[in-house]
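Chains as they are written, first to last, in numbering that gives the first Met the number 0: chain A, 0 to 158; chain B, 0 to 158.
Number of protein chains: 2
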Amino acid sequence: MKKSTVMNTLKKRIREHKYKFTTQRQIILQAFLSSKENHLSAEDIYEMVRGENPDIGLATVYRSLELFTSLDLVKKLDFGDGRSRYELNDHNLSHSHHHLICLGCGRVIEFTSDFAEEIRSRIKKKNGFNIVDYQLKFYGYCKDCQKQHPEYSEKEPQI
Amino acid sequence: MKKSTVMNTLKKRIREHKYKFTTQRQIILQAFLSSKENHLSAEDIYEMVRGENPDIGLATVYRSLELFTSLDLVKKLDFGDGRSRYELNDHNLSHSHHHLICLGCGRVIEFTSDFAEEIRSRIKKKNGFNIVDYQLKFYGYCKDCQKQHPEYSEKEPQI
DNA sequence: ATATGTGCAAATTTTTTGCACGTAA
DNA sequence: TTACGTGCAAAAAATTTGCACATAT
Chain A
0 MKKSTVMNTL KKRIREHKYK FTTQRQIILQ AFLSSKENHL SAEDIYEMVR
50 GENPDIGLAT VYRSLELFTS LDLVKKLDFG DGRSRYELND HNLSHSHHHL
100 ICLGCGRVIE FTSDFAEEIR SRIKKKNGFN IVDYQLKFYG YCKDCQKQHP
150 EYSEKEPQI
Chain B
0 MKKSTVMNTL KKRIREHKYK FTTQRQIILQ AFLSSKENHL SAEDIYEMVR
50 GENPDIGLAT VYRSLELFTS LDLVKKLDFG DGRSRYELND HNLSHSHHHL
100 ICLGCGRVIE FTSDFAEEIR SRIKKKNGFN IVDYQLKFYG YCKDCQKQHP
150 EYSEKEPQI
């Protein structure tokens, strides 16, 4: 889909909820759209955005990310590196995507799967819990790290 | 299993790796074993542990948790409340347990499932990624919150 | 016009670190 | 005995907040 179309959708979502579509909010969303890396920290976004608007404050970035998260435009993630990371929430994806986190080099690889519906109804029955979203993270070793450290290919008992 | 047996296993694991089994480390592990709540923050543990040993420092709690996590005795979790939470890693559980996080009241419910092995081999084939561990979090609404807010029972499109 | 949002600086909260002293093995 | 661990206080890092000013609707 075209980026400008995505931006219009985001704009619409923000306005639907009676929030203002400010320059700052637009620039921050733009940063997500133009970034090659899609797991951005508040600081990352702050740095990217300063090029476009040097006066923007880090607090605004945090406040925007909080708003976007509450509107479900963005997902807040934690890869265990001490800061939160954010990614655009792609509602068009029919299969949710998840993260493979390499314990060797720290790289985060995306991966799609659609086991959700099945588990969803199972849980609804068992716990009465109504699932709206989920996050799945895998920890392990990527191909490259396994090549460099053959012991990383062993099947560990923990799982 | 008896708690004293569990403690002995933990002690053994720590010593196997040439770390000392100090009073502080024991008290902290004891806190996990005796706590009713099993998702503890560093601060929670600090408070619990001060009863037993008032001189213990918060830094020691953090350092111990880091060590325990690296030895896989403990898992570090993030429920999005701004602080890390830790739980004893129960290797005896053949089916891993996961978390249902209620967006209404914040309650965290545990839930077991064993879909892992299946996904594990699928990923190994597809990405060459060797999975050692994984974390699965579900967000939604618990029974009680659905009772109070019928709209929480609606099936949301995001998943 | 005005409710909502922003920038700035300060405050808060969580986690980490340096160093002199203590202790398990 | 001695390498490893701890307490304390200070630092660092991440996030939040208060307030006067700015702006989208």
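Quick reminder that beta carbons are idealized off the backbone N, C-alpha and C, glycines included.
Only a predicted model underlies this, so the values are computations on that prediction, with no experimental measurement involved.
Neighbour-count burial assignment, residue i, 16 or more Cβ in a 10 Å radius
{"i": "Met0/B", "result": "exposed"}
{"i": "Arg14/B", "result": "exposed"}
{"i": "His148/B", "result": "exposed"}
{"i": "Asn63/A", "result": "For the record, residue 63/A in the displayed sequence is Ser; it is not Asn. So Ser63/A ends up on the buried side."}
{"i": "Asn7/B", "result": "exposed"}
{"i": "Asn52/B", "result": "exposed"}
{"i": "Asp77/B", "result": "buried"}
{"i": "Lys2/B", "result": "exposed"}
{"i": "His98/A", "result": "buried"}
{"i": "Arg82/B", "result": "exposed"}
Alpha-carbon to alpha-carbon, residue j and residue i
{"i": "Cys101/A", "j": "Asp132/B", "result": "11 Å"}
{"i": "Gln134/A", "j": "Ser95/B", "result": "15 Å"}
{"i": "Gly103/B", "j": "Gly139/B", "result": "8 Å"}
{"i": "Asn126/A", "j": "Phe110/B", "result": "9 Å"}
{"i": "Leu92/B", "j": "Ser112/B", "result": "Residue placement at Leu92/B is poorly supported in this model, since its pLDDT is 46, which falls under 50; the coordinates still yield a value, given next. The straight-line gap from Cα to Cα measures roughly 10 Å."}
{"i": "Glu46/B", "j": "Thr59/A", "result": "34 Å"}
{"i": "Leu28/A", "j": "Gly56/A", "result": "15 Å"}
{"i": "Leu72/A", "j": "Lys19/A", "result": "15 Å"}
{"i": "Gly50/A", "j": "His38/A", "result": "19 Å"}
{"i": "Ile118/B", "j": "Lys136/B", "result": "16 Å"}
{"i": "Thr22/B", "j": "Leu32/B", "result": "15 Å"}
{"i": "Glu86/B", "j": "Ala30/B", "result": "11 Å"}
{"i": "Ala41/A", "j": "Asp80/A", "result": "13 Å"}
{"i": "Asp89/A", "j": "Leu9/A", "result": "11 Å"}
Assigned secondary structure, residue i (DSSP; H/G/I helix, E/B strand, else coil)
{"i": "Leu186/B", "result": "In this structure chain B extends from 0 to 158, so residue 186/B is not present and cannot be described."}
{"i": "Lys125/A", "result": "helix"}
{"i": "Ser40/B", "result": "strand"}
{"i": "Asp80/A", "result": "coil"}
{"i": "Glu46/A", "result": "helix"}
{"i": "Asp143/B", "result": "helix"}
Residue-chain proximity (residue i, chain B), Cβ-Cβ < 7 Å
{"i": "Ile55/A", "result": "no"}
{"i": "Leu9/A", "result": "no"}
{"i": "Pro149/A", "result": "no"}
{"i": "Phe128/A", "result": "yes"}
{"i": "Tyr140/A", "result": "yes"}
{"i": "Phe31/A", "result": "no"}
{"i": "Leu135/A", "result": "yes"}
{"i": "Asp43/A", "result": "no"}
{"i": "Val131/A", "result": "yes"}
Residues that residue i bridges to, as DSSP identifies them
{"i": "Thr111/A", "result": "His96/A"}
{"i": "Leu70/B", "result": "None; Leu70/B has no bridge partner."}
{"i": "Glu86/B", "result": "Lys74/B"}
{"i": "Ile130/A", "result": "Gly139/B"}
Residue i at chain A interface by Cβ criterion, 7 Å
{"i": "Ser152/B", "result": "yes"}
{"i": "Lys2/B", "result": "no"}
{"i": "Leu92/B", "result": "For Leu92/B, the pLDDT reaches just 46, beneath the cut-off of 50, and the residue's location in the model is therefore unreliable, leaving the point undetermined."}
{"i": "Leu70/B", "result": "no"}
{"i": "Leu66/B", "result": "no"}
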